[in-house]
Amino acid sequence: FCLTETVMDTRTATAELGWISFPANGWEEVSGYDENLNTIRTYQVCNVFEPSQNNWLLTTYIDRRAAQRIYVEIRFTVRDCASIPSVLGSCKETFNLYYLETDRTVSDGIKGVEYWANAPFLKVDTIAADESFSQVDFGGRLMKVNTEVRSFGPLSKGRGFHLAFQDLGACMSLLAVRVFYKKCPSIVQNFAFFPETLTGAESTSLVIARGSCIPNAEEVDVPIKLYCNGDGEWMVPIGSCSCKAGYEPDNGNVCRACPQGTFKSFQGPGLCQQCPPNSRSTIEAATLCGCRNGYYRGDMDKPEDLCTSVPSAPRNVVSVVNQTSVMLEWHSPRDTGHRDDLSYNLLCRRCHSNERRACQPCDDSVVFVPGKQALKETRVEISKLRAHTSYTFDIQAVNGVSNKSPYPAQQLSINITTNQAAPSAVPIMHQVSSTSRSFSLSWPPPEQPNGIILDYEIRYYDKSSVLNSSMVLSETPNVVLEGLRPGTGYVVQVRARTVAGYGAYSKDMLFQTLTDGKCSELGQQLSLIAGSLVGGVCIVSLVAIAIIYMFSGPTPTVTFPSLSEGHSSPGVKIYIDPFTYEDPNEAVREFAKEIDPSCVKIEEVIGSGEFGEVYKGRLKPVGKKEIPVAIKTLKVGYSERQRRDFLSEASIMGQFDQPNIIRLEGVVTKSRPTMIITEFMENGALDSFLRQNDGQFPVIQLVGMLRGIASGMRYLAEMSYVHRDLAARNILVNSNLVCKVSDFGLSRYLEEDTSDPTYTSSLGGKIPVRWTAPEAIAYRKFTSASDVWSYGIVTWEVMSYGERPYWDMSNQDVINAIEQDFRLPAPMDCPVVLHQLMLDCWQKDRNARPKFPDIVSMLDKMIRNPASLKAGTNNMVPGPPHHPLLDRGAPDLSRVSSVEDWLAALKMTHKRHENALMSINVLSKDLQRIGVSLAGHQKKILTSVQLMRHQADDQSPTESV
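Residue 87 in UniProt numbering is what sits at position 87 of the sequence shown, and the numbering runs on without skipping anything.
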């Protein structure tokens with residue numbers, strides 16, 4: 001319903017109205033009676049017997065009170081002209097309604113003809129009577145009253161107005177005039193309060209009213225607003241509030257606090273619940289019921305879960321000792337604490353006597369199978385214990401709330417003593433020296449001697465005669481085997497003996513005697529040394545000359561991409577769609593590594609994804625150094641389908657291993673929140689990064705970025721994977737300006753309720769129109785060729801420093817323009833060769849578009865021929881006349897895998913021995929001088945030089961080659 005606010009009503013007047021009339025013999029104010037015989041003040045006019053009537057009646061000043069549209073309700077009577085005899089003038093049965101906007105009252109001294117003839121009145125309407133009365137009716141008590149309502153606006157020129165009535169020759173009475181405006185009433189809807197709101201200036205206007213949540217409610221969808229239409233009625237609301245945690249809805253208008261003994265842990269329409277067992281709430285508006293003494297709630301437990309207790313101790317442990325191994329079995333505790341996450345921990349102590357204080361923790365070499373922490377089974381096998389030693393094993397029963405209890409976990413202890421045991425195997429043997437008829441060997445003692453070593457037994461035989469073996473004994477861990485044949489290989493094994501007997505033989509080791517002849521031993525050693533020096537010098541020369549060669553020509557001061565990384569070899573694996581698995585969780589387990597949540601540290605929010613927040617954090621894998629990571633989380637209250645779609649991205653990413661594809665570190669699925677953990681890209685999305693650094697990079701640097709993206713897409717195409725959403729916003733940039741393809745979550749194409757205008761409905765899905773090929777928009781035909789079209793758009797985005805493709809055109813206008821062969825023009829200062837590459841990617845015939853390997857090859861040629869990247873150049877021009885590389889034409893370096901290949905491709909193998917001893921410090925300075933400024937690239941080149949020098953010093957000729 002609507003509200004009206006009256007600003008003038010003559011029916012309530014008890015004194016003279018005091019309106020201005022002109023001329024004096026025109027409108028006359030009189031007292032009369034309405035149809036209910038109530039006394040009213042009226043104005044009458046009836047000069048029908050005089051010609052040329054022009055009678056004006058002007059109301060007093062009316063304050064409009066900020067209303068933009070005013071309504072006037074007029075109650076009047078009109079006499080039928082046919083019932084009036086001997087009318088001399090032209091009789092009328094109508095009158096005119098006008099208004100005048102003003103900030104002040106019109107003076108009643110205005111009575112001149114000239115003013116009324118030229119008054120700045122605005123006409124509202126000519127008003128006619130639906131019913132008129134005759135002379136007979138006029139004499140009776142029953143009058144025929146007409147009621148008409150008119151509106152006018154918009155009002156904006158003054159704080160108020162006057163109404164004016166013009167009579168041109170009627171016999172009539174104005175019984176009552178009511179002036180009002182409309183407004184929408186205050187209302188509570190969807191737990192939001194909307195205030196009284198004036199209607200708009202036009203009858204079709206919609207006025208937005210902003211709402212605010214009622215007490216104890218919070219926003220669900222924003223903005224919260226209602227539209228007030230011209231009739232003073234509220235339209236359908238947008239956005240809503242809901243009762244916050246600890247409050248429940250009451251009749252839709254109030255959020256009532258949960259009474260004691262109940263709780264509500266979430267915001268929303270749900271009602272308060274009774275506290276679960278072993279918990280209570282002693283206050284109103286409780287969001288959680290606290291556990292009673294001795295009961296706890298686990299970290300992963302929900303608020304509605306019951307409070308539980310710690311388990312009792314395990315029971316009835318049984319041990320079986322076998323030399324230096326022991327098997328332990330036990331029964332579950334009688335009381336599990338009403339939880340189903342029971343597990344066991346084992347504590348091992350080695351004791352020197354029966355006193356507990358004489359015990360110390362077991363060595364790290366002791367092996368527990370299947371483990372000693374978080375055991376689900378009631379059985380464990382312990383091996384590699386010391387012989388004739390006493391041990392104490394404590395078996396603890398723990399569950400999800402054991403870490404909440406202030407008391408230590410209850411445990412069951414058992415003492416055992418190991419038996420006599422033979423020594424373990426000798427781990428390895430070393431050759432000390434060798435002649436043509438003997439060699440000397442040594443070895444370390446067994447890791448577990450299990451007693452005093454009495455001696456060692458050595459067994460050896462000619463590798464060509466396995467059946468004829470010989471044995472010798474040694475009391476020390478070394479031996480010289482003599483009487484051997486020259487130039488022959490011998491297989492040797494050794495085992496240790498204690499009072500418990502022999503241990504196991506070591507693994508087979510093959511040793512070779514020297515060939516017979518004078519100085520054979522010295523000659524072989526000299527050969528080894530000489531070969532190592534020659535091979536080492538060659539390898540160091542290759543890298544040194546290659547770097548010197550880079551210095552010889554004019555090189556732009558930019559960071560170049562690696563031209564050999566990431567190219568897949570024949571037989572590359574094919575991408576497997578995770579949605580083909582009957583159980584999608586199986587795909588996650590197969591392609592993504594499960595990470596212990598204790599290794600993940602969340603630091604700060606850096607964004608919001610489709611399924612939840614995105615954080616920056618740290619990952620500290622066991623035994624590895626800590627690294628920065630990006631962490632995508634799954635929001636609370638997810639459905640099973642949302643969880644499947646969320647983890648599908650990890651199942652996809654986990655199949656890729658390429659430098660220009662975002663690397664998946666792993667997932668957390670066995671605890672909350674569910675997380676996808678990837679490498680951290682410091683510079684964020686490519687589009688925003690470019691906009692923040694507008695005009696800061698040389699063209700060749702931008703081409704290097706494009707080359708990295710193309711390399712990643714080439715890899716995906718080889719795996720038969722179609723990205724379908726390749727755009728600069730889905731390319732991430734790290735601190736070294738390496739670009740990596742990301743965003744493999746395909747669920748947005750399956751959802752129909754996304755509000756992102758980038759993705760438009762088409763044939764039952766969501767499509768990023770500005771980046772998508774025509775056949776994909778029209779027929780949902782997504783292929784590697786449609787990804788090439790998208791790559792052309794990305795190239796345009798890069799060269800325009802993050803400009804929006806097709807600017808402010810609507811998605812439908814973009815579709816129509818593409819259909820009419822419109823293509824994006826070249827961005828400012830864009831080389832012609834790059835714009836031609838874009839146009840090639842935007843061929844209407846998808847078969848005519850280049851493939852990603854072709855694109856990578858094109859970009860490699862541009863990088864090796866910087867002159868081709870000059871604006872306005874449309875061909876690959878040669879470099880400076882004296883540049884040795886460019887004068888010969890650019891070789892294909894896309895498949896170079898070694899420095900040797902590099903020099904061969906450059907036809908410079910004759911320089912492989914030059915400048916082999918170049919200083920690392922000089923190299924570092926020269927790398928900066930030629931523009932290799934990024935620390936990562938410098939480190940890679942310098943590390944390669946140092947590595948090859950070490951190889952030259954340490955390796956044999958065969959290994960160096």
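Note that CB positions come from ideal geometry on N, CA and C, so glycine has one too.
Point to revise | Alpha-carbon spacing of G304 relative to A245, whole angstroms | key: Reading off the sequence, residue 304 comes out as Glu, not Gly. Their backbone Cα atoms lie some 13 Å apart in a straight line.
Point to revise | Selected residue, minimal CA-CA separation from K601, among R589, E590, Y615 | key: Y615
Practice item. Leaving out five residues on either side along the sequence, give the residues of the same chain with a beta carbon under 6 Å from the beta carbon of Q512. Key: So the qualifying residues of the chain are G489.
Check your understanding: Using DSSP with H/G/I as helix, E/B as strand and the rest coil, what is I529?
Key -> Note on I529: pLDDT 34, under 50, position unreliable in the model; no value is reported.
Practice item. State buried or exposed for A374, treating a residue as buried only when at least 16 other CB atoms are found within 10 Å of its CB. Key: exposed
**Study point:** 8 Å contact criterion, which I595 and V667 should meet: CB distance rounded
**Key:** 7 Å
Practice item. Could you give the DSSP three-state label for L17: helix, strand or coil? Key: coil
Point to revise | Cβ neighbours of L484 in the same chain (closer than 7 Å, five flanking residues each side left out) | key: R437, S438, Y490, T513
Review point. With distances taken from CA atoms, which of W771, D80, Q166 is nearest T59?
Key: Q166
**Study point:** Opening and closing residue of the alpha helix (DSSP H) in which H835 lies
**Key:** 832 to 841
Practice item. Determine, using beta carbons only, whether G294 and P311 come nearer to each other than 7 Å. Key: It is not a contact, given that the beta carbons lie outside the stated cut-off.
Check your understanding: Beta carbon of K182, beta carbon of G232: below 7 Å?
Key -> yes
**Study point:** Distance, E16 Cα to A67 Cα
**Key:** 27 Å
Exercise for review: Below 8 Å on the Cβ atoms is my guess for K844 versus P774; work out the distance and round it to an integer in Å.
Suggested key: 7 Å
Exercise for review: Work out the CA separation of I863 and L934 for me, nearest whole Å.
Suggested key: Because the pLDDT at L934 is just 39, under 50, the model does not fix this residue reliably, and the point stays unresolved.
Practice item. Can you tell me which of the three DSSP states R949 falls into? Key: Only weak support is given to the placement of R949: the predicted model assigns it a pLDDT of 44, under 50, and the question is left unresolved by the model.
Check your understanding: Since R379 is in the beta strand (DSSP E), which residue starts that stretch and which ends it?
Key -> From DSSP, the beta strand (DSSP E) with R379 extends over 379 to 383.
Review point. Anyone know if the C-beta pair for N278 and R292 falls short of 7 Å?
Key: yes
Check your understanding: Taking the alpha-carbon positions, what's the R178 to N229 distance?
Key -> 22 Å
Practice item. Flag H835 as yes if its beta-carbon sits less than 7 Å from any beta-carbon of chain C, otherwise no. Key: No chain C is part of this structure, which consists of one protein chain only.
Practice item. Given a cut-off of 7 Å, decide if Y296 and V222 are closer than it, judged by their beta-carbon atoms. Key: no
Check your understanding: Given a threshold of 16 other Cβ atoms within 10 Å of its Cβ, counted over all protein chains shown, does P154 qualify as buried or as exposed?
Key -> exposed
Exercise for review: Find the nearest neighbour of S857 within the set G802, W842, A848, L837, judged by alpha-carbon distance.
Suggested key: Checked all of G802, W842, A848, L837; the closest Cα to S857 is L837.
Check your understanding: What's the C-alpha gap between F191 and A209?
Key -> Distance between F191 and A209, taken at the CA atoms: about 15 Å.
Exercise for review: With a cut-off of 8 Å on the beta carbons, I'd call N38 and N47 a contact; round off their distance for me.
Suggested key: Not quite, the Cβ-Cβ distance comes to about 28 Å (not below 8 Å), so this is no contact.
Review point. From L3 to R724, what distance separates their C-alpha atoms?
Key: The C-alpha of R724 is placed about 54 Å away from the C-alpha of L3.
Review point. Quick one, which of S465, V472, I453, D462 has its alpha-carbon nearest Y502's?
Key: I453
Review point. If you measure from the CB of P698, is any heavy atom of the ligand ATP nearer than 6 Å?
Key: Absent from the structure shown: the ligand ATP. Ligands present: none.
Point to revise | Environment of F65 [buried if 16+ CB atoms lie within 10 Å] | key: The residue asked about is misnamed: residue 65 is Arg in this sequence, not Phe. Classification of R65: exposed, given that the 10 Å Cβ count is below 16.
Review point. Taking the C-alpha atoms as reference points, what is the distance between L175 and Y33?
Key: 9 Å
Check your understanding: Considering only residues of the region 627 to 702, which uninterrupted alpha helix (DSSP H) runs meet the minimum length of 4 residues and lie entirely inside it, listed in chain order?
Key -> 640 to 653, 686 to 692
**Study point:** Closest by C-alpha distance to Y806, when choosing among A817, A409, Q701
**Key:** A817
Review point. Which term fits I395, buried or exposed, when burial requires 16 or more other beta carbons within 10 angstroms of its beta carbon?
Key: I395 is classed as buried because its beta carbon has at least 16 other beta carbons within 10 Å across all chains shown.
Review point. Expressed to the nearest angstrom, what Euclidean distance is found between the alpha-carbon atoms of D63 and V7?
Key: 7 Å
Review point. Do the CB positions of I662 and K573 come within less than 7 Å of each other?
Key: no
Review point. Is it a yes or a no for the region 821 to 833 touching the region 779 to 788, going by three-plus beta-carbon pairs under 8 Å?
Key: no
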